[in-house]
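Notes to accompany the following structure.
Numbering (the numbering used here), first residue to last: 41 to 151.
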C-alpha cells in the first residue's frame, strides 16, 4: 500500500488543506479582528502547524517513493521561500511554534 493510500494520511492532508484555507481566508482581516477572533485565528494556525509537522515527520520516516518526493517538495518550497538549503525542518517547525506563542502574548498585551 502506498503512503498516500492510508486513510489516516488522506484525512490529515484534507484537514491540513481546510486549515490552510481558513488561515489564508482571514489573514488580511487579522489586524481588525477582535481579541477573541485573533486568538481563534492563531489557534487555527497553531493546529495547522502541528498537523504539518506530524505529516512531515510521517513522510520523513516513510520509505515510500511518493512520500520521499513529498518531503523533497516541502524542502524545495521552504528554500523557495528563502530558507537555507540545509534547513532542519524540525527546527523550522519549532521556531514557527515559538512565533505562535509570541503572537498570543502580543494579542494579550494589545487588548
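Cβ coordinates follow ideal geometry from the N, Cα and C atoms, glycine included.
For clarity, every value in this text was computed on a predicted model and none was experimentally measured.
If you compare alpha carbons, which of the options is closest to residue i?
i           : options            : result
residue 49  : 110, 118, 125, 141 : 110
residue 86  : 52, 149, 148, 144  : 144
residue 131 : 97, 103, 148       : 97
residue 83  : 149, 63, 73        : 63
residue 141 : 89, 57, 72         : 89
residue 41  : 105, 116, 60, 54   : 105
residue 149 : 51, 46, 129, 79    : 79
Near residue i, which residues of its chain fall below 6 Å by C-beta distance, leaving aside the five closest residues on each side in sequence?
i           : result
residue 125 : 119
residue 129 : 96
Excluding the 5 residues preceding and the 5 following residue i in the sequence, name in chain order all residues of the same chain whose CB lies nearer than 8 Å to its CB.
i           : result
residue 99  : 43, 107, 108, 110, 111, 114
residue 127 : 115, 118, 119
residue 60  : 88
Using a Cβ-Cβ cutoff of less than 7 Å, which residues in the same chain neighbour residue i once the five nearest sequence positions on both sides are dropped?
i          : result
residue 75 : 147, 151
residue 58 : none
residue 56 : 88, 91, 92, 95
DSSP three-state label for residue i, please.
i           : result
residue 97  : helix
residue 122 : coil
residue 74  : coil
residue 68  : helix
residue 148 : helix
residue 41  : coil
Q.
For the structure I just gave you, are there three or more beta carbon pairs, one from the region 134-148 and one from the region 83-95, closer than 8 Å?
A. yes
Q: Could you say if the region 114-121 and the region 63-70 meet the contact criterion of at least three C-beta pairs nearer than 8 Å?
A: no
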